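**Q** First the structure, which I've put down as structure tokens, then a few questions once you've had a look.
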Amino acid sequence: DAGITQSPRYKITETGRQVTLMCHQTWSHSYMFWYRQDLGHGLRLIYYSAAADITDKGEVPDGYVVSRSKTENFPLTLESATRSQTSVYFCASTGTSWNEQFFGPGTRLTVL
Amino acid sequence: GQQLNQSPQSMFIQEGEDVSMNCTSSSIFNTWLWYKQEPGEGPVLLIALYKAGELTSNGRLTAQFGITRKDSFLNISASIPSDVGIYFCAGQLRDEKLTFGTGTRLTIIP
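Okay, structure coming up:
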């Protein structure tokens, strides 16, 4: 099925653990993004990627690592999770214009 | 980081009423976008605006790119129950980085 998927949808982890959130899109869009959504802050850009093997920092990159070895996948890793990283994480992909932008369903992450 | 001021934060209206919300920034943007988010889902793009003064409609939704390039407006006419959700604005200056507003939560009173 065409679309953008995220996994897991829900994750509970402990402080200090490594966590990887997955994002997969089937449109072959060049651009992919990771946002976090917190009350009172809207969505904030963590990292984005213009193409495979090209990534760049967004507004709040500290504590996160990304990679993009394949166009369709854009995993986000929290190397040592902290409580402040408790949030809802959204992945998005964009084609040749903003009218071709789609968000995934989100991953709700809780760090205890 | 920069944030957009979106107002109102929440709205309680009756079905059939018109809705207006806006987004303002201290900086200019080259593109304004409006999204709707429903519970448990990601945002969905409603309207994209690409030049100052542009007025664009999508069904009962109409959005405008402010002349100063520092603001944008979204109107919903004749609201219906499925309009319930959180509406976000976003601005783009360069690259593919978007700055999002904090959202307007729309509730429709039966």
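So the protein sequences, as listed, match chains C and L. For the first sequence, this note's numbering begins at 125 and goes up steadily by one. For the second sequence, this note's numbering begins at 90 and goes up steadily by one. Yeah, the Cβ is synthetic: ideal placement off N, Cα and C, and Gly gets one too. None of the values given here were measured: they were computed from a predicted structure.
#1: Residues of chain C with CB closer than 8 Å to the CB of F177 of chain L, please, in chain order.
#2: May I ask you to verify whether the stretch 118 to 129 of chain L touches the stretch 168 to 175 of chain L, counting CB pairs closer than 8 Å and requiring at least 3?
#3: If you check the beta carbons only, do F214 of chain C and L167 of chain C fall under 8 Å apart?
#4: Quick check on DSSP: helix, strand or coil for T193 of chain C?
#5: Please name the residue, chosen from C:S154, C:L163, C:T150, C:T129, that lies closest to Q209 of chain C on a Cα-to-Cα basis.
#6: Looking at C-alpha atoms only, which residue of L:E106, L:F154, L:G192 is the closest neighbour of Q181 of chain L?
#7: Would you be able to state if there are at least three C-beta pairs under 8 Å between the stretch 110 to 122 of chain L and the stretch 158 to 165 of chain L?
#8: In whole angstroms, what separates the C-alpha of S166 of chain L from that of S96 of chain L?
#9: Looking at C-alpha atoms only, which residue of C:Q161, C:L169, C:S193, C:S131 is the closest neighbour of E185 of chain L?
#10: Would you tell me roughly how many angstroms separate the C-alpha atoms of T145 of chain L and W121 of chain L, rounded to the nearest one?
#11: Need the endpoints of the beta strand (DSSP E) that N147 of chain L sits in, please.
#12: Return no unless some Cβ of chain L is closer than 8 Å to the Cβ of Q209 of chain C.
#13: Quick one: is T222 of chain C near chain L, going by C-beta distance under 8 Å?
#14: When we look at the beta-carbon of G98 of chain C and count the other beta-carbons within 10 Å, is it buried (16 or more) or exposed?
#15: Would you check if the distance between the CB atom of S173 of chain C and the CB atom of M156 of chain C is smaller than 8 Å?
#16: At the level of alpha carbons, what is the spacing between E183 of chain C and V212 of chain C?
#17: Counting contacts by CB-CB distance shorter than 8 Å, is T157 of chain L in contact with chain C?
#18: Please report the distance separating the alpha-carbon of T201 of chain C from that of R207 of chain C.
#19: From Q142 of chain C to A205 of chain C, what distance separates their C-alpha atoms?
#20: List, in order along the chain, the chain C residues whose C-beta lies closer than 8 Å to that of Q92 of chain L?
#21: For S217 of chain C and H153 of chain C, which I take to be in contact (beta-carbon distance under 8 Å), what is that distance rounded to the nearest angstrom?
**A** The relevant details are as follows:
#1: G166, L167
#2: yes
#3: yes
#4: Here residue 193 of chain C is Ser; the residue named in the question, Thr, does not match the sequence. In the structure shown, S193 of chain C sits in coil (DSSP, three-state: anything other than H, G, I, E or B).
#5: Out of C:S154, C:L163, C:T150, C:T129, C:L163 has the C-alpha closest to the C-alpha of Q209 of chain C.
#6: L:F154
#7: yes
#8: 17 Å
#9: C:L169
#10: 11 Å
#11: 144 to 147
#12: no
#13: The sequence given here has Trp at residue 222 of chain C, not Thr. In terms of beta-carbon proximity, W222 of chain C lines the interface with chain L, with at least one pair separated by less than 8 Å.
#14: Absent from the model: residue 98 of chain C. The displayed extent of chain C is 125 to 236, so no value can be given.
#15: yes
#16: So the alpha carbons of these two residues sit roughly 16 Å apart.
#17: Interface criterion not met: the Cβ of T157 of chain L is under 8 Å from no Cβ in chain C.
#18: 15 Å
#19: When rounded, the distance between both Cα atoms is 6 Å.
#20: Neighbours of Q92 of chain L across chain C, judged by C-beta separation under 8 Å: H165, G166.
#21: Going by Cβ atoms, the distance from S217 of chain C to H153 of chain C rounds to 4 Å, so yes, they are a contact pair.
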